[in-house]
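Undergrad:
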Amino acid sequence: MRKNFLRKKEDFECQVCGGWVKGDGYTDHCPQCLWGKHVDKRLPGDRESSCGGLMRPEGAIWEKGQYRIFYRCESCGHGFWVREGEEDKREELERLTVKIFPEKSEGVGGRGKGKIRKGG
Ligand SMILES: [Zn+2]
Ligand SMILES: [Zn+2]
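Each residue of the sequence shown is one higher than the one before, counting from 68 in the working numbering.
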C-alpha cells in the first residue's frame with residue numbers, strides 16, 4: 068500500500084478541555100485552552116521528547132505583531148517559548164499576556180505601540 072501522504076499532520080485530543088486539535092504541522096497546543104503536550108525536546112517540532120507531559124501556558128508576550136507563549140511542562144518542568152497558532156483563542160492569549168505584564172495589558176492589540184527597546 069502506497070499513499071501520497073507526506074504531510075506531517077497530527078490531530079490530537081486535548082487532555083485538558085477535551086477539544087479536538089487539528090494539527091497543521093505546526094500546532095502543538097490546543098487553540099481553545101492553549102495547553103500543549105511535551106513532545107518536543109530541543110526545537111519546536113522535533114517531536115523527540117518522550118515525556119508526553121502536559122504543557123501549561125504560563126504567560127505570553129506580544130512581540131512584532133504576534134503572540135509568543137511560554138510553556139512549562141507539568142511533568143518534568145521543562146520550559147520553552149512557542150509562537151501562537153492561527154486558531155488560538157485571542158482571549159486566552161490576552162489573559163496570559165496580562166499575567167506576565169500587567170502594565171502592558173492596555174497596549175495589547177495596538178499597532179506599533181509598546182515596543183520594547185533595550186540597550187544603547
Ligand atoms: Zn484544550
Ligand atoms: Zn516534560
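Glycine included, every Cβ here is placed at the ideal spot set by N, Cα and C.
Residues in its own chain within less than 6 Å of residue 125 by CB, not counting five upstream and five downstream?
TA: On the sequence shown, position 58 is the one that residue 125 refers to. Only 137, 139 meet the Cβ criterion.
Undergrad: Given that a residue counts as buried once 16 or more other Cβ atoms are within 10 Å of its Cβ, and exposed if not, what is residue 159?
TA: Indexing the sequence shown from 1 puts residue 159 at position 92. Buried, since its Cβ has 16 or more Cβ neighbours within 10 Å.
Undergrad: Is the beta carbon of residue 149 closer than 9 Å to that of residue 78?
TA: Indexing the sequence shown from 1 puts residue 78 at position 11. Indexing the sequence shown from 1 puts residue 149 at position 82. No, Cβ-Cβ distance for residue 78 and residue 149 is not below 9 Å.
Undergrad: Based on Cα-Cα distance, which residue from 152, 116, 100, 122 lies nearest to residue 106?
TA: Against the sequence shown, residue 106 aligns to sequence position 39. Among 152, 116, 100, 122, the Cα nearest to that of residue 106 belongs to 116.
Undergrad: Give me, in chain order, the residues of the same chain whose beta-carbon lies closer than 8 Å to that of residue 101; leave out the 5 immediate sequence neighbours on both sides.
TA: Within the sequence shown, the letter at position 34 stands for residue 101. If we look at residue 101 and ignore the five residues flanking it on each side, its Cβ neighbours are 124, 136, 155, 156, 159, 160, 163.
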